[in-house]
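Peer 1:
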Amino acid sequence: MATGGRDYENAGYRRLFDHEGLTFGAGFPLTGANRSTPDITEELRLATHAESVGFDGLWARDVPTYWPKFGDAGQTFDTWPWLSHVAAHTDDIALGTSSVVLTLRHPLHVAKSAATVDQLSDGRLVLGVASGDRDPEFPAFDVDRENRGQLFRESVEAMRTVWREDFPELEGEWGSLEGDLEIVPKPTTETIPLLPTGHARQSTEWIADHGDGWLFYHLPERTLQNYLVDWREAAGEKPFAIAIRVELADDPTAEPEPLHLGFHAGVEWFSEYFRRLEDYGLDHAIVGIQNDDREAALSTFADEIIGTL
Numbered sequence: 013m014a015t016g017g018r019d020y021e022n023a024g025y026r027r028l029f030d031h032e033g034l035t036f037g038a039g040f041p042l043t044g045a046n047r048s049t050p051d052i053t054e055e056l057r058l059a060t061h062a063e064s065v066g067f068d069g070l071w072a073r074d075v076p077t078y079w080p081k082f083g084d085a086g087q088t089f090d091t092w093p094w095l096s097h098v099a100a101h102t103d104d105i106a107l108g109t110s111s112v113v114l115t116l117r118h119p120l121h122v123a124k125s126a127a128t129v130d131q132l133s134d135g136r137l138v139l140g141v142a143s144g145d146r147d148p149e150f151p152a153f154d155v156d157r158e159n160r161g162q163l164f165r166e167s168v169e170a171m172r173t174v175w176r177e178d179f180p181e182l183e184g185e186w187g188s189l190e191g192d193l194e195i196v197p198k199p200t201t202e203t204i205p206l207l208p209t210g211h212a213r214q215s216t217e218w219i220a221d222h223g224d225g226w227l228f229y230h231l232p233e234r235t236l237q238n239y240l241v242d243w244r245e246a247a248g249e250k251p252f253a254i255a256i257r258v259e260l261a262d263d264p265t266a267e268p269e270p271l272h273l274g275f276h277a278g279v280e281w282f283s284e285y286f287r288r289l290e291d292y293g294l295d296h297a298i299v300g301i302q303n304d305d306r307e308a309a310l311s312t313f314a315d316e317i318i319g320t321l
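If you count the sequence shown from 1, position 247 lands on 259 in our numbering, and the numbers rise without skipping.
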């Protein structure tokens with residue numbers, strides 16, 4: 013059984029996972045503008061609002077290119093400057109990536125950018141990391157999509173090494189370090205916590221051994237139960253998180269209707285639903301609010317669901 017150390021528990025990781033019970037994050041773009049450029053002022057206003065009403069995390073997605081067929085540009089802005097900007101406008105809330113596509117980024121660039129954001133935010137960064145799933149991006153970056161699994165593993169090893177060691181010797185398909193170069197800055201703790209996303213072309217055992225938790229997409233309830241049982245056997249108390257879309261019905265007693273990767277339902281059903289997920293052992297849920305009035309929905313979710321668990 014894998015067990016976690018204490019060296020990765022920066023401020024963001026502690027905010028999300030260092031206590032009993034289910035915590036909640038909100039996913040950018042908070043305004044819902046995921047096919048165009050979101051309004052920066054409104055995004056920041058909603059981010060500070062989410063922090064003020066009790067959300068524990070704000071999560072930014074890494075979408076290197078916009079593919080209209082996929083229909084989603086994430087929050088549009090590049091992950092690193094965007095999270096730095098959000099860090100400057102918030103106080104204590106965790107800042108997460110969901111998720112950095114390691115196969116399309118050089119690991120030394122990721123290591124430096126992530127450590128920079130971690131330092132600028134006083135240790136609030138938690139890194140979801142992924143192997144990528146948008147087929148046209150791989151030839152655009154001259155990456156063999158069939159080699160994603162190995163590239164992902166090499167990137168994790170490289171980042172961990174350059175965060176922890178001075179002038180390391182290391183090599184992979186990305187290149188080599190021969191002991192005469194240093195990556196600075198270092199993060200606020202020995203390593204930034206990494207949460208592989210989905211399977212990332214890896215086994216559950218590899219994720220349990222090399223990750224500091226597991227970030228997954230929305231799953232059917234019974235499937236999620238089974239995943240959590242397998243995860244606890246492999247990873248012990250390392251956290252498990254999911255992303256889920258939520259649209260609050262006007263009627264608080266409304267029964268659920270399926271959405272893509274989530275539900276439309278009343279707050280009473282959602283409260284019972286998340287209480288069940290907490291009982292199964294889920295540690296964190298990244299909520300993508302779908303209501304038109306985002307501020308009101310964030311407040312209602314915080315008051316009626318976060319506040320009642």
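Beta carbons: idealized from backbone N, C-alpha and C, even for Gly.
Let's test the definition: count the other Cβ atoms within 10 Å of the Cβ of TYR239 and tell me whether it reaches 16, buried, or not, exposed.
Peer 2: Label assigned to TYR239: buried.
Peer 1: Please report the straight-line C-alpha distance between ASP305 and VAL279, rounded to a whole angstrom.
Peer 2: Approximately 15 Å, taken between the alpha carbons.
Peer 1: Could you pull the DSSP bridge partners for ARG257 from this structure?
Peer 2: Answer is GLY274, GLY300.
Peer 1: Would you kindly work out how many angstroms separate the C-alpha atoms of ASP224 and GLU316, rounded to a whole number?
Peer 2: One C-alpha to the other measures close to 30 Å.
Peer 1: Are the region 188–205 and the region 163–177 touching, with three or more C-beta to C-beta distances below 8 Å?
Peer 2: Cβ pair count under 8 Å is three or more, so yes.
Peer 1: Expressed to the nearest angstrom, what Euclidean distance is found between the alpha-carbon atoms of HIS211 and ILE219?
Peer 2: C-alpha separation (whole angstroms): 8 Å.
Peer 1: Does DSSP put VAL196 in a helix, in a strand, or in coil?
Peer 2: Coil.
Peer 1: ASP148 by DSSP, collapsed to three states: which one?
Peer 2: Going by the sequence as given, residue 148 is Pro instead of Asp. Residue state, collapsed to three classes: coil.
Peer 1: Check whether the Cβ atoms of LEU139 and LEU189 lie closer than 8 Å to each other.
Peer 2: Cβ atoms of LEU139 and LEU189: not closer than 8 Å.
Peer 1: With respect to the beta strand (DSSP E) encompassing SER111, which residues constitute its N-terminal and C-terminal limits?
Peer 2: Taken as a continuous stretch (DSSP letters only), the beta strand (DSSP E) holding SER111 covers 106–113.
Peer 1: Do the region 157–166 and the region 131–138 touch if we need at least three Cβ pairs shorter than 8 Å?
Peer 2: In short, these stretches do not touch, since the Cβ pair count stays below three.
Peer 1: Is it buried or exposed for LYS198, if we count other Cβ within 10 angstroms and need 16 for buried?
Peer 2: Answer is buried; the Cβ neighbour count reaches 16.
Peer 1: Which residues in the same chain as ALA309 place their Cβ atom closer than 6 Å to its Cβ, once the five residues preceding and following it in sequence are excluded?
Peer 2: Closer than 6 Å at the Cβ level, and outside the excluded window around ALA309, lie LEU260, ILE301, ASN303.
Peer 1: From THR109 to PHE164, what does the alpha carbon distance come to, in whole angstroms?
Peer 2: So the alpha carbons of these two residues sit roughly 16 Å apart.
Peer 1: Taking the alpha-carbon of ASP68 as reference, which of ALA38, LEU132, GLU149, ARG287 has the nearest alpha-carbon?
Peer 2: Nearest of ALA38, LEU132, GLU149, ARG287 to ASP68, Cα basis: ALA38.
Peer 1: Candidates VAL258, GLU269, SER311: which alpha carbon is nearest PHE286's?
Peer 2: Nearest of VAL258, GLU269, SER311 to PHE286, Cα basis: VAL258.
Peer 1: Report yes if the C-beta distance between ILE298 and ALA253 is below 8 Å; otherwise report no.
Peer 2: Taking 8 Å as the Cβ cut-off, ILE298 and ALA253 qualify as a contacting pair.
Peer 1: Round the Cβ separation of ILE204 and ASN22 to the nearest angstrom and send it over; I've been treating them as touching at under 8 Å.
Peer 2: Right, the Cβ-Cβ distance comes to about 7 Å (below 8 Å), so this counts as a contact.
Peer 1: If we require 3 or more residues per run, which beta strand (DSSP E) segments fall completely within the region 69–100?
Peer 2: Within the region 69–100, the complete beta strand (DSSP E) runs of at least 3 residues are 69–72.
Peer 1: Going by the beta-carbon positions, is the gap between GLN131 and THR201 smaller than 8 Å?
Peer 2: Not a contact, by the Cβ cut-off of 8 Å.
Peer 1: Are GLY184 and GLU166 close, meaning C-beta to C-beta below 8 Å?
Peer 2: Yes, Cβ-Cβ distance for GLY184 and GLU166 is below 8 Å.
Peer 1: Can you tell which of LYS81, PRO76, PRO80, VAL98 has the C-alpha that lies nearest to the C-alpha of THR88?
Peer 2: Out of LYS81, PRO76, PRO80, VAL98, PRO76 has the C-alpha closest to the C-alpha of THR88.
Peer 1: Is GLY135 near the ligand ATP, judged by its Cβ being under 7 Å from some heavy atom?
Peer 2: No copy of the ligand ATP occurs in the structure displayed, which carries no ligand at all.
Peer 1: Going by C-alpha distance, which of GLU169, GLU269, THR312 is nearest THR115?
Peer 2: Ranking GLU169, GLU269, THR312 by Cα distance to THR115 puts GLU169 first.
Peer 1: Report the three-state DSSP secondary structure of SER188 (helix, strand or coil).
Peer 2: In the structure shown, SER188 sits in a strand (DSSP, three-state: E or B).
Peer 1: By the DSSP assignment, the beta strand (DSSP E) with VAL155 in it spans what residues?
Peer 2: No beta strand (DSSP E) contains VAL155, which DSSP labels as neither H nor E.
Peer 1: Just to confirm before moving on: does the CB-CB distance between ASP74 and GLY86 stay below 8 Å?
Peer 2: A contact, by the Cβ cut-off of 8 Å.
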